[in-house]
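Here's the structure we're looking at; comments come further down.
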Amino acid sequence: MADEEKKQPERNNFNLFKGLLFWIIAGIILLTLARFSGLEGKKEEIFYSRFINEVKQGNISGPVTIKEDVISGTLKDGKKFSTYKPDDPELFNILRDYNVDFKVEPSSNIWINILVSTLPILLVFLLIWFLVFRQMSSESSRVMAFTKSRPIMPDKKNRVTFDDVAGCKEAKEELREVIEFLKDPKKFQRLGGKIPKGILLIGPPGTGKTLLAKAVAGEAGTPFLSMSGSDFVEMFVGVGASRVRDLFRQAMRLSPCIVFIDELDAVGRQRFAGLGGGHDEREQTLNQLLVQMDGFPTESGVIVMAATNRPDVLDPALTRPGRFDRTIVIDFPDIQAREEILKVHMRNKPIDKSVDVKVLARATAGLSGANLENLVNEAALLAARKNRNRIEMSDFEEAKDKVLMGVERRSLVISDKEKKIIAYHEAGHTLVQKQLPEVYPVHKVTIIPRGQALGITHILPEEDRFIESNLYYKNSICALMAGRTAEKIVYGKIFTGGENDLKIATEIARRMVCEWGMSENLGPVSYHHNEAVFLGRDIVRQREYSEDTSREIDNEIRRILEEAENRAMEILKSQRDKLEKLAEALLQKETLNSDEIDEILGLKKEERVTNGPEEDRRGN
235 MADEEKKQPE RNNFNLFKGL LFWIIAGIIL LTLARFSGLE GKKEEIFYSR FINEVKQGNI
295 SGPVTIKEDV ISGTLKDGKK FSTYKPDDPE LFNILRDYNV DFKVEPSSNI WINILVSTLP
355 ILLVFLLIWF LVFRQMSSES SRVMAFTKSR PIMPDKKNRV TFDDVAGCKE AKEELREVIE
415 FLKDPKKFQR LGGKIPKGIL LIGPPGTGKT LLAKAVAGEA GTPFLSMSGS DFVEMFVGVG
475 ASRVRDLFRQ AMRLSPCIVF IDELDAVGRQ RFAGLGGGHD EREQTLNQLL VQMDGFPTES
535 GVIVMAATNR PDVLDPALTR PGRFDRTIVI DFPDIQAREE ILKVHMRNKP IDKSVDVKVL
595 ARATAGLSGA NLENLVNEAA LLAARKNRNR IEMSDFEEAK DKVLMGVERR SLVISDKEKK
655 IIAYHEAGHT LVQKQLPEVY PVHKVTIIPR GQALGITHIL PEEDRFIESN LYYKNSICAL
715 MAGRTAEKIV YGKIFTGGEN DLKIATEIAR RMVCEWGMSE NLGPVSYHHN EAVFLGRDIV
775 RQREYSEDTS REIDNEIRRI LEEAENRAME ILKSQRDKLE KLAEALLQKE TLNSDEIDEI
835 LGLKKEERVT NGPEEDRRGN
């Protein structure tokens with residue numbers, strides 16, 4: 235910023251000089267043109283003999299000027315004239331005889347004439363050369379700047395510290411020794427310890443990886459150079475490698491400092507090992523990054539930090555010891571961390587006393603830090619829309635539904651017939667969900683279109699859990715299939731509303747069979763091979779099981795889905811009256827919460843199911 239402020243007066247002075255130079259040259263050119271084109275006054279060229287006749291006839295008005303070989307003057311009719319002066323010894327006698335006043339001007343210096351004649355041309359060429367040279371210089375500088383890295387350095391006034399990062403206790407403890415090293419490197423060097431060259435932050439999107447890296451720099455009080463992985467790669471060969479070199483050159487100049495590369499997977503994917511090998515620009519950039527991380531010593535004070543949500547695609551050469559030595563996992567926050575995150579984002583906002591942060595933290599399981607920040611912001615916007623001075627609990631509840639389920643689309647016109655189909659669909663989900671053990675409790679059900687769904691059965695856990703049983707997944711599939719099953723019972727046919735339900739159920743069944751070994755027929759064998767093909771992974775990988783086994787997998791997935799659908803059919807048929815009550819209530823109120831659902835179904839408080847590890851969404 236300081237360099238930019240210094241350059242600004244220089245830029246202004248140059249623009250002023252360029253403007254003055256332009257007007258000076260323009261004035262000289264105009265005067266020269268006027269001199270040679272006769273703009274000072276149009277003169278008629280006459281023969282010398284006529285001039286003598288005009289003198290003898292007394293038609294000359296005013297004095298006559300004789301300069302070198304040119305005679306000029308004015309006739310009595312006001313016309314100006316000029317004529318060539320020959321070598322006539324009688325000229326002056328004739329003028330005196332006829333009482334014509336005349337004056338003789340001395341001849342100008344020939345060099346002055348040449349200078350006046352050629353100066354404008356020289357100035358024009360000088361201006362053209364100056365502008366062209368500067369343009370070429372600027373183009374050259376732009377070309378050179380194209381290969382330079384452009385790291386982002388955060389504002390020192392808005393420094394981020396660990397106080398701004400809630401949760402992530404274990405990650406903070408791991409990073410504190412990095413901060414201590416940056417502050418006092420001799421503390422570790424005395425014992426022969428080496429601080430990790432690189433620290434890799436992995437975790438789902440929105441969990442605070444970038445914020446945590448900024449907080450490390452803020453706590454240490456060191457410069458922070460930040461670039462995205464995609465900033466290195468360009469269509470021009472060698473640009474990415476040049477930017478990597480320039481980035482580390484800047485880091486060494488600013489040491490001790492932190493270099494942060496966000497979205498490392500954009501430049502650090504596994505090098506291509508498939509057809510034809512690979513020497514693309516991304517690969518050259520990665521090679522240069524590997525060389526640079528090997529090239530600087532640990533005592534230099536440069537710490538490289540990177541973040542990615544795809545650690546599985548990174549090149550092994552990048553994650554080996556000596557490069558990214560330490561890997562820190564930043565996962566979704568637990569209930570305590572969610573409470574702390576909500577308090578951080580509520581810190582500078584007028585919060586009403588009715589807001590219970592613990593309740594909000596319990597009801598937002600599975601949300602990332604970015605989601606929680608968005609929730610608080612949405613609540614503030616809703617309160618402002620209602621002209622309130624403080625944010626109330628009702629605003630947070632509405633914002634939570636908006637974040638979890640999507641925006642209400644009340645303007646969408648749905649016929650009564652379609653609304654009734656949606657009501658039975660969601661009622662089927664809700665009823666089966668309430669009858670099965672080890673599934674998420676129903677938080678809310680609505681037939682108001684939200685997001686891309688025409689209706690939503692929203693389920694939420696009441697505690698954080700990280701492992702689940704095969705019974706949980708079987709019952710979850712059963713609840714997912716209940717919507718289309720309800721349609722089949724009531725209307726005798728299936729509608730398109732259950733597309734998303736079927737997709738989620740099929741994916742769960744496939745993972746049960748192929749990844750988790752939860753199939754009774756295929757046994758405890760992993761058949762997982764469904765990896766995304768990308769540049770940097772061998773695209774000719776062979777499948778590790780036979781066609782017969784593949785056919786058995788498909789049959790087993792189909793069996794699980796059909797079995798779940800039959801279970802849902804039995805439950806709904808045996809409780810058809812409750813299905814009708816729920817559908818009727820949805821048609822009347824459009825939205826039902828958990829207590830209203832329990833009242834309609836006649837469930838007591840102690841009979842309610844309260845299991846579930848995380849928030850889940852399910853559309854119509």
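For the sequence shown, this note's numbering assigns the number 854 to the last residue and increments by one with no breaks.
Beta carbons are placed, not taken as given, at the ideal position from N, Cα and C, and that holds for glycine.
Computed from a predicted structure; not experimentally measured.
- Assign A597 to one of two classes, buried (16 or more other C-beta atoms within 10 Å of its C-beta) or exposed (fewer than that). By the 10 Å Cβ count, A597 comes out buried.
- Task: Evaluate the contact criterion for the segment 776 to 791 versus the segment 617 to 635: three or more CB pairs, one atom per stretch, below 8 Å.
- Result: As far as the Cβ criterion goes, the segment 776 to 791 does not touch the segment 617 to 635, which means the pair count is below three.
- Query: Looking at the structure shown, is V676 part of a helix, part of a strand, or coil, going by DSSP?
  - Reply: The answer is strand: DSSP assigns V676 an E or B state.
- Contact under 8 Å by Cβ, A541 with L481: For A541 and L481, no; Cβs fall outside 8 Å.
- Query: Helix, strand or coil: how does DSSP classify V666 here?
  - Reply: Judged by DSSP in its simplified three-state form, V666 adopts helix.
- My guess is that Y318 and D303 are in contact by the Cβ rule of under 8 Å, so how many angstroms apart are they, rounded? The beta-carbon separation of Y318 and D303, rounded to 6 Å, stays under the 8 Å limit for a contact.
- Between S760, F729, I280 and G717, which lies nearest to R744 when the distance is taken from Cα to Cα? R744 has its Cα closest to that of S760, out of S760, F729, I280 and G717.
- Query: Any Cβ of chain D within less than 8 Å of the Cβ of T444?
  - Reply: In the structure shown, chain D does not exist; there is a single protein chain.
- Message: For the alpha helix (DSSP H) containing C712, name the first residue and the last one.
- Response: Here the alpha helix (DSSP H) through C712 covers N704 to Y725.
- Query: With DSSP run on the structure shown, which of helix, strand or coil describes M461?
  - Reply: Here DSSP, grouped into helix, strand and coil, assigns M461 to strand.
- Message: Assuming F336 is part of the beta strand (DSSP E), what are its boundary residues?
- Response: It spans F336 to E339 - the beta strand (DSSP E) in which F336 sits, taken as one unbroken run.
- Rounded Cβ spacing between I681 and K651 (contact assumed at less than 8 Å): About 13 Å separates the two Cβ atoms, so there is no contact after all.
- State the DSSP-derived secondary structure class of G759, mapped to helix, strand or coil. One point to set straight first is that residue 759 is Val, not Gly, in the sequence displayed. Coil, per DSSP.
- Message: Suppose the cutoff is 7 Å on Cβ atoms and the five residues either side in sequence are ignored; what does the same chain contact list for I280 look like?
- Response: Taken in chain order, the residues that qualify are F315 and T317.
- For the alpha helix (DSSP H) that Y282 lies in, which residues bound it at each end? Run containing Y282: Y282 to K290, per the alpha helix (DSSP H) assignment.
- How about the segment 603 to 620 and the segment 569 to 589: do they share at least three Cβ pairs that are nearer than 8 Å? Output reads yes: the segment 569 to 589 touches the segment 603 to 620.
- Should S703 be labelled buried (16 or more other beta-carbon atoms within 10 Å of its own) or exposed? That one is exposed.
- Pull up the DSSP beta-bridge partners for D496, would you. Here D496 is bridged, per DSSP, to S462.
- Hey, how far is the Cα of N709 from the Cα of A739? Between N709 and A739, the C-alpha separation is close to 10 Å.
- Message: Comparing C-alpha positions only, which one of G529, A661 and M715 sits nearest to G689?
- Response: Minimum Cα distance to G689 is reached at A661.
- Task: Within its chain, find whatever has a CB closer than 8 Å to the CB of S462; leave out the 5 residues flanking it on each side and keep chain order.
- Result: I495, D496, E497 and A500.
- Check C491 in the structure and name its three-state DSSP category. Three-state DSSP puts C491 in a strand.
- Message: Three or more C-beta pairs under 8 Å: does that hold for the segment 447 to 458 against the segment 401 to 415?
- Response: Short answer: they touch.
- Task: Would you give the residue range spanned by the beta strand (DSSP E) that A541 belongs to?
- Result: V536 to T542 is the extent of the beta strand (DSSP E) around A541.
- Can you grab the Cα-Cα spacing for the pair F458 / I492, in whole Å? Taking the straight line joining both Cα atoms gives about 5 Å.
- Query: Do the segment 287 to 299 and the segment 322 to 335 touch if we need at least three Cβ pairs shorter than 8 Å?
  - Reply: Between the segment 287 to 299 and the segment 322 to 335 there are three or more inter-stretch CB-CB distances shorter than 8 Å, so the stretches are counted as touching.
- Query: At what residues does the alpha helix (DSSP H) containing S628 begin and finish?
  - Reply: For S628, the enclosing alpha helix (DSSP H) begins and ends at M627 to M639.
- Item | Cβ neighbour criterion (16 or more within 10 Å) applied to D629 | So D629 counts as buried.
- Quick one: Cα of L806 to Cα of E796, how far? Straight-line Cα distance between these residues: approximately 15 Å.
- Task: Classify S306 as helix, strand or coil using the three-state DSSP reduction.
- Result: DSSP places S306 in strand when its eight states are reduced to three.
- Task: Give the DSSP-derived three-state secondary structure of Y318 in the structure shown.
- Result: It is a strand residue.
- Query: Once you ignore the five residues that flank N623 on each side, which residues in its own chain have a CB closer than 7 Å to its CB?
  - Reply: Annotation for N623: P584 place their beta carbon closer than 7 Å to its own, counting only its chain and skipping 5 residues before and after.
- Message: With distance defined between alpha-carbon atoms, name the residue in R557, V536 and V563 nearest to N543.
- Response: Across the set R557, V536 and V563, the C-alpha of V563 shows the shortest separation from the C-alpha of N543.
- Query: Is DSSP giving F558 helix, strand or coil here?
  - Reply: Collapsing the DSSP output to three states places F558 in a strand.
- Message: Between the alpha carbons of K313 and I355, how many angstroms are there, rounded?
- Response: Taking the straight line joining both Cα atoms gives about 33 Å.
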